[in-house]
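So the protein lines, in turn, are chains P and W. Quick note: the first sequence uses the UniProt record's numbering, first residue 1, plus one each step. Quick note: the second sequence uses the UniProt record's numbering, first residue 1, plus one each step. Just so it is clear, CB atoms sit at the ideal spot from N, CA and C, and this is done for glycine as well. Only a predicted model underlies this, so the values are computations on that prediction, with no experimental measurement involved. Quick notes on the structure that follows.
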Amino acid sequence: MSAPARVRLDYPIVQSRLDNGLRVIASPDPGVGSVAVNLWYDVGSRHEQPHRTGFAHLFEHLMFQGSGGVASGEHFGLLQAAGASVNATTWFDRTNYFETLPAGGLDLALWLEADRMASLPAALTRENFENQREVVKEEKRQRYDNVPYGDVMELLISVTFPPDHPYGHTTIGSMADLDAAQLEDVTAFFTRHYLPNNAVISVVGDVPADTALDRVAHYFGDVPAGPVPPPPDQPGLPPISGLPRREKVAEVPSAAVYLTWRLPPVGTRAYDAADLALTVLGTGQSSRLHRTLVRRRELAEQAGASSLGLIGGNSVGFVNGLARDGVSPEQLEEELIAEVTRLGTEGPTDLEVQRAQATFERHWLHELARVDSRADELSGFATLHDDPTLVNRRIDDIAAIGAAEIAEVIAEWFTPEQRATVLYRKEEAR
Amino acid sequence: MTTTADPTGPTNRLPRPDVAPPGPWSFPAAETAELDNGLRVLVHRLSGQHVIAANLILPVPPDAEPREHEGVLAICARTLDEGSRLHDGETFAELMESEGAGLGVEIGPGGLQLVLDVPSTRFSPALGLLAEAATVPAFAAADVDRHVQLRLAEIEQAWANPGQASALAFRRAVYADGTRPTRMTEGEPETVRTVDRDLVAGFHARHVGPRGATLVLAGDFAEDPFALAERHFGGWAVPDQQVVDPVPARPGDRTALIVDRPGAVQADVRLGGFGIDRNDPRWAAAVIGAYAMGGAFLSRLNRVLREERGYSYGVRLGLSPLRRGGTFAVQGSFRTEVTAEALVEARALLRVDDDPFTATEVEEAIAFFAGVSPLRYATADGVVDQAASQVLAGLPTDYVDHNLRRLREVTPEAATEAYRSLVDPDALTLVLAGDAERLTGPLTEAGWPVQRFTR
Numbered sequence: 001m002s003a004p005a006r007v008r009l010d011y012p013i014v015q016s017r018l019d020n021g022l023r024v025i026a027s028p029d030p031g032v033g034s035v036a037v038n039l040w041y042d043v044g045s046r047h048e049q050p051h052r053t054g055f056a057h058l059f060e061h062l063m064f065q066g067s068g069g070v071a072s073g074e075h076f077g078l079l080q081a082a083g084a085s086v087n088a089t090t091w092f093d094r095t096n097y098f099e100t101l102p103a104g105g106l107d108l109a110l111w112l113e114a115d116r117m118a119s120l121p122a123a124l125t126r127e128n129f130e131n132q133r134e135v136v137k138e139e140k141r142q143r144y145d146n147v148p149y150g151d152v153m154e155l156l157i158s159v160t161f162p163p164d165h166p167y168g169h170t171t172i173g174s175m176a177d178l179d180a181a182q183l184e185d186v187t188a189f190f191t192r193h194y195l196p197n198n199a200v201i202s203v204v205g206d207v208p209a210d211t212a213l214d215r216v217a218h219y220f221g222d223v224p225a226g227p228v229p230p231p232p233d234q235p236g237l238p239p240i241s242g243l244p245r246r247e248k249v250a251e252v253p254s255a256a257v258y259l260t261w262r263l264p265p266v267g268t269r270a271y272d273a274a275d276l277a278l279t280v281l282g283t284g285q286s287s288r289l290h291r292t293l294v295r296r297r298e299l300a301e302q303a304g305a306s307s308l309g310l311i312g313g314n315s316v317g318f319v320n321g322l323a324r325d326g327v328s329p330e331q332l333e334e335e336l337i338a339e340v341t342r343l344g345t346e347g348p349t350d351l352e353v354q355r356a357q358a359t360f361e362r363h364w365l366h367e368l369a370r371v372d373s374r375a376d377e378l379s380g381f382a383t384l385h386d387d388p389t390l391v392n393r394r395i396d397d398i399a400a401i402g403a404a405e406i407a408e409v410i411a412e413w414f415t416p417e418q419r420a421t422v423l424y425r426k427e428e429a430r
Numbered sequence: 001m002t003t004t005a006d007p008t009g010p011t012n013r014l015p016r017p018d019v020a021p022p023g024p025w026s027f028p029a030a031e032t033a034e035l036d037n038g039l040r041v042l043v044h045r046l047s048g049q050h051v052i053a054a055n056l057i058l059p060v061p062p063d064a065e066p067r068e069h070e071g072v073l074a075i076c077a078r079t080l081d082e083g084s085r086l087h088d089g090e091t092f093a094e095l096m097e098s099e100g101a102g103l104g105v106e107i108g109p110g111g112l113q114l115v116l117d118v119p120s121t122r123f124s125p126a127l128g129l130l131a132e133a134a135t136v137p138a139f140a141a142a143d144v145d146r147h148v149q150l151r152l153a154e155i156e157q158a159w160a161n162p163g164q165a166s167a168l169a170f171r172r173a174v175y176a177d178g179t180r181p182t183r184m185t186e187g188e189p190e191t192v193r194t195v196d197r198d199l200v201a202g203f204h205a206r207h208v209g210p211r212g213a214t215l216v217l218a219g220d221f222a223e224d225p226f227a228l229a230e231r232h233f234g235g236w237a238v239p240d241q242q243v244v245d246p247v248p249a250r251p252g253d254r255t256a257l258i259v260d261r262p263g264a265v266q267a268d269v270r271l272g273g274f275g276i277d278r279n280d281p282r283w284a285a286a287v288i289g290a291y292a293m294g295g296a297f298l299s300r301l302n303r304v305l306r307e308e309r310g311y312s313y314g315v316r317l318g319l320s321p322l323r324r325g326g327t328f329a330v331q332g333s334f335r336t337e338v339t340a341e342a343l344v345e346a347r348a349l350l351r352v353d354d355d356p357f358t359a360t361e362v363e364e365a366i367a368f369f370a371g372v373s374p375l376r377y378a379t380a381d382g383v384v385d386q387a388a389s390q391v392l393a394g395l396p397t398d399y400v401d402h403n404l405r406r407l408r409e410v411t412p413e414a415a416t417e418a419y420r421s422l423v424d425p426d427a428l429t430l431v432l433a434g435d436a437e438r439l440t441g442p443l444t445e446a447g448w449p450v451q452r453f454t455r
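What follows is the structure, encoded as structure tokens:
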């Protein structure tokens with residue numbers, strides 16, 4: 001079997017840095033009509049202080065409540081009226097803000113982003129603050145409290161990291177912490193983290209690179225720099241030991257088992273190898289978990305594996321299954337572990353690794369296909385790995401990892417003894 | 001209303017820039033051909049799009065199912081890629097994934113689709129596998145039986161999720177009693193249970209064929225896509241194929257229902273009714289009105305219920321067109337203690353008699369729809385999804401451009417009129433998934449005497 005041809009990527013990437021430290025990336029794509037503006041601020045839930053959890057995310061909401069020259073809600077209003085898709089998200093390692101709109105709206109998008117970077121506290125009011133705190137609580141109720149398995153991330157994090165670890169709490173945070181938050185805490189958070197020298201901006205789409213760099217300099221050039229807070233102190237932890245475990249009886253439609261592992265941080269070859277191992281184990285219909293547990297033995301409604309790439313010392317790997325009716329969670333757990341053991345003993349086959357690499361290739365090409373997700377990857381690789389040009393080489397980097405290397409990483413990081421378990425048991429009918 | 005900036009704080013140093021009008025844009029043109037067996041092929045060439053999207057659209061609506069075996073279409077669809085006469089299921093999955101391809105199926109009121117994404121360098125073998133799944137599936141009894149069991153489990157998962165539960169109850173209420181759309185497209189438990197291998201194979205043999213089918217392809221092709229379509233589908237022949245037309249949906253009577261979720265912290269709400277489809281002369285104006293009422297972030301509903309009151313993470317008014325007719329609904333989740341209050345406020349906001357849509361609202365809505373199109377239709381899957389939805393609804397290939405022209409012509413009067421002809425705030429159907437004990441009293445008092453919904 002000949003090695004399949006790979007798509008060669010060559011997206012143009014022009015980089016610059018303003019005097020105030022703002023890192024700027026331009027990637028022109030003539031003819032697409034739209035332009036994506038994407039900012040990564042190097043602040044996520046891992047940067048939050050104890051008893052101040054949920055702050056990065058609450059703050060993200062407040063970034064839409066106006067700034068020196070912008071009224072509350074007007075950021076969304078002006079951009080949508082210019083034909084933009086607009087949003088922001090908060091994650092463990094970062095907060096990102098983005099809009100994509102017809103290229104003639106680039107100046108407006110940059111002006112709005114610069115205005116809130118420069119002057120957010122000017123518009124902060126108790127009323128807005130309290131309103132958005134309520135909105136965030138509704139978000140938590142909707143996405144976490146009111147759906148089956150909605151607390152799974154919180155439970156998984158709790159068995160994977162110590163409570164005081166930067167990754168020891170979720171981005172939505174504790175409602176008690178949010179209730180205790182004061183307006184002054186929000187201003188302090190802004191002053192500490194929302195600095196041009198703690199951010200990356202990418203401009204991708206139907207705008208020449210020199211125009212993009214020039215417009216960014218025009219709008220952001222006089223936003224003052226400040227002292228960037230040191231990254232959280234989080235040396236990599238060794239694999240989990242002692243088989244930590246949480247069990248929960250809940251009103252869920254099926255019993256469920258989730259296993260988690262600490263893995264190496266993103267940006268390392270070892271992480272990429274672990275990610276391929278998880279794909280072999282649990283992504284796609286030809287993966288081992290689907291084939292064995294869903295198809296052949298009919299023990300699971302679904303079974304899979306995935307990775308959560310993180311920059312601060314460790315990433316996380318997940319394996320999970322939903323039990324078929326009549327299958328106990330203990331039995332499902334045992335079977336999941338048996339597959340993890342088998343992968344460790346036999347190692348992945350060359351064909352399995354090729355399939356995992358081909359799956360990655362499609363995923364990656366898809367990720368870069370649109371200007372908005374391409375801009376997000378550029379900002380991300382600049383923020384986390386200091387090199388946005390890596391996006392053009394990712395497919396080759398992943399293709400260079402072989403079965404033997406994956407087997408070594410499995411032996412070091414992904415053995416049954418290194419797992420933690422979260423298990424949902426079905427509540428008996430009332 | 002503007003927020004006053006703190007005079008001592010940093011001031012905005014530069015004036016707010018104007019937005020230059022967007023350049024001309026049109027939906028990527030389709031080249032079309034028809035194979036001798038009747039299969040229509042639509043090709044959209046998209047330079048630089050390295051992931052090819054291919055949808056095979058089969059005009060097999062749920063209306064083709066026997067009443068007592070509803071769900072046979074979904075089980076048929078889901079078993080197509082579980083093995084063929086050429087490859088057993090495990091080998092088939094390995095071959096597909098070795099090409100880096102992802103294959104899925106979608107079923108809707110208009111028919112069934114096989115949906116393929118694959119890197120452009122490996123398109124031909126993946127398209128060959130798609131053809132194999134569609135034309136010569138094996139339908140092993142064990143695979144069919146397993147998918148029946150998985151479907152039954154999936155139904156329980158759906159009812160356990162408040163958003164899905166209220167959507168399911170809403171469709172039960174909004175369509176005429178006893179008609180097919182009141183029941184799940186993928187089948188209800190009592191009929192899904194009856195589906196077996198012979199039913200699936202028979203259904204496939206009768207209904208799945210090239211006549212009336214369309215293959216939509218988009219991306220940056222390395223090989224001539226028409227030649228590939230001919231190579232992989234040219235020999236497909238189903239002489240006895242029966243084509244069943246979808247039955248137009250009909251509206252149900254107004255009602256108010258609650259799916260009880262004891263102790264739920266929020267109620268998931270649908271407040272809406274029966275609506276129109278994209279062929280209706282009011283469509284463009286209704287789209288603009290719905291956006292102003294509940295599409296934009298600063299829409300009338302979201303501005304008040306989220307941004308002023310903090311009742312919800314987000315509230316929207318959506319139109320869901322079918323081939324003929326459609327539905328519309330206000331959707332949102334509200335914390336239990338304010339749900340009745342929020343709905344009373346929503347009902348008042350929905351009334352536009354004394355507060356018609358303004359020129360600004362309409363201009364902003366038009367600019368939004370015109371502006372998001374280049375992004376939405378930049379990728380192969382974006383183009384193919386849209387093209388496929390047009391095929392299933394019987395719309396022309398230049399529908400997007402045509403619709404954008406219609407949107408640009410909408411006046412505030414037309415938007416208000418179309419909206420009012422659809423939305424009578426006092427005559428809407430209300431469905432909630434929430435804590436019935438706590439919600440029934442306040443909702444009854446507010447004019448919605450909600451009945452407990454039973455599956």
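key: Same chain only: Cβ atoms within 7 angstroms of D10/P, ignoring 5 sequence neighbours per side   = N392
query = Is there a Cβ from chain W that is less than 9 angstroms from the Cβ of N38/P?
reply = no
task = Spell out whether any CB of chain P is found under 9 angstroms from the CB atom of Q149/W.
result = yes
request  = Note down the Cα distance separating F27/W from V372/W, rounded to an integer number of angstroms.
outcome  = 12 angstroms
task = Determine whether the Cβ of Y194/P lies closer than 9 angstroms to any Cβ atom of chain W.
result = no
ask   = Whose Cβ in chain W lies nearer than 7 angstroms to the Cβ of Q142/P?
value = Q266, Y313 and S333
query = Using a C-beta cutoff of 9 angstroms, does D398/W count as contacting chain A?
reply = The structure shown contains no chain A; its protein chains are P and W.
query = Going by Cα to Cα distance, which pick from L150/W, R254/W and E364/W is closest to I75/W?
reply = L150/W
message = Going by DSSP, what residue range makes up the beta strand (DSSP E) through H44/W?
response = R40 to R45
key: Cβ contact check for the region 304 to 324 of chain P and the region 256 to 272 of chain P: 3 or more pairs under 8 angstroms   = yes
Exposure label - E184/P; buried when at least 16 CB within 10 Å = exposed
message = Using a Cβ-Cβ cutoff of 7 angstroms, what residues of the region 280 to 301 of chain W are near chain P? List them in chain order.
response = A296, F297 and L298
query = Alpha carbon to alpha carbon, what distance is there between A77/W and N161/W?
reply = 24 angstroms
key: Simplified DSSP state of Y419/W, which is helix, strand or coil   = helix
key: Near-chain W residues of the region 209 to 235 of chain P (beta-carbon distance less than 7 angstroms), N- to C-terminal order   = Y219 and D222
ask   = How would you label D385/W, buried or exposed, when you count the other beta carbons within 10 angstroms and need 16 or more for buried?
value = buried
task = Give me whichever residues DSSP pairs with G321/P in a beta bridge.
result = V257/P and A303/P
request  = Tell me, please, which residues DSSP counts as bridged to L101/P.
outcome  = V35/P
key: Closest Cα partner of A348/W within the set G394/W, A414/W, G447/W and Y291/W   = G447/W
ask   = With burial defined as no fewer than 16 other Cβ atoms inside 10 Å of the residue's Cβ, what is the status of G441/W: buried or exposed?
value = exposed
ask   = Of the choices N128/P, N20/P, R116/P and L365/P, whose alpha-carbon is the least far from that of D220/W?
value = L365/P
request  = Find the nearest neighbour of P148/P within the set V431/W, A264/W, V450/W and D196/W, judged by alpha-carbon distance.
outcome  = A264/W
request  = Look up L378/P in the DSSP assignment and say whether it is helix, strand or coil.
outcome  = helix
query = Does the pairing of the region 225 to 239 of chain W with the region 303 to 322 of chain W give three or more beta-carbon distances under 8 angstroms?
reply = no
Three-state secondary structure assigned by DSSP to A101/W = coil
request  = Quick one: grab the DSSP three-state call for T314/P.
outcome  = Looking at the sequence shown, residue 314/P is not Thr but Asn. Correct three-state label for N314/P: coil.
message = Against chain W, with Cβ distances strictly below 9 angstroms, would G284/P count as a contact?
response = yes
request  = Note the first and the last residue of the continuous beta strand (DSSP E) segment covering P28/P.
outcome  = R23 to P28
inquiry  = Can you check whether the C-beta of M184/W is within less than 9 angstroms of a C-beta belonging to chain P?
reply    = no
key: Same chain, Cβ closer than 7 angstroms to P208/P, five either side skipped, listed in chain order   = P28
Within the region 217 to 287 of chain W, ranges of the alpha helix (DSSP H) (whole runs, at least 4 residues) = 225 to 233
inquiry  = Please tell me whether K248/P has its Cβ less than 9 angstroms away from any Cβ of chain W.
reply    = no
request  = Report yes or no: is there a C-beta of chain W within less than 9 angstroms of the C-beta of S2/P?
outcome  = Reliability fails at S2/P, whose pLDDT of 48 lies under 50, so the model's placement of it is uncertain and the value that follows must be treated cautiously. It does not: the Cβ of S2/P has no partner Cβ on chain W nearer than 9 angstroms.
message = For R295/P, which residues in the same chain have their Cβ closer than 7 angstroms to its Cβ, ignoring the five residues on either side in sequence?
response = none
message = Does chain P have any CB closer than 9 angstroms to the CB of Q113/W?
response = no
ask   = Where does A54/W land, buried or exposed, given buried means 16+ other C-beta within 10 angstroms?
value = buried
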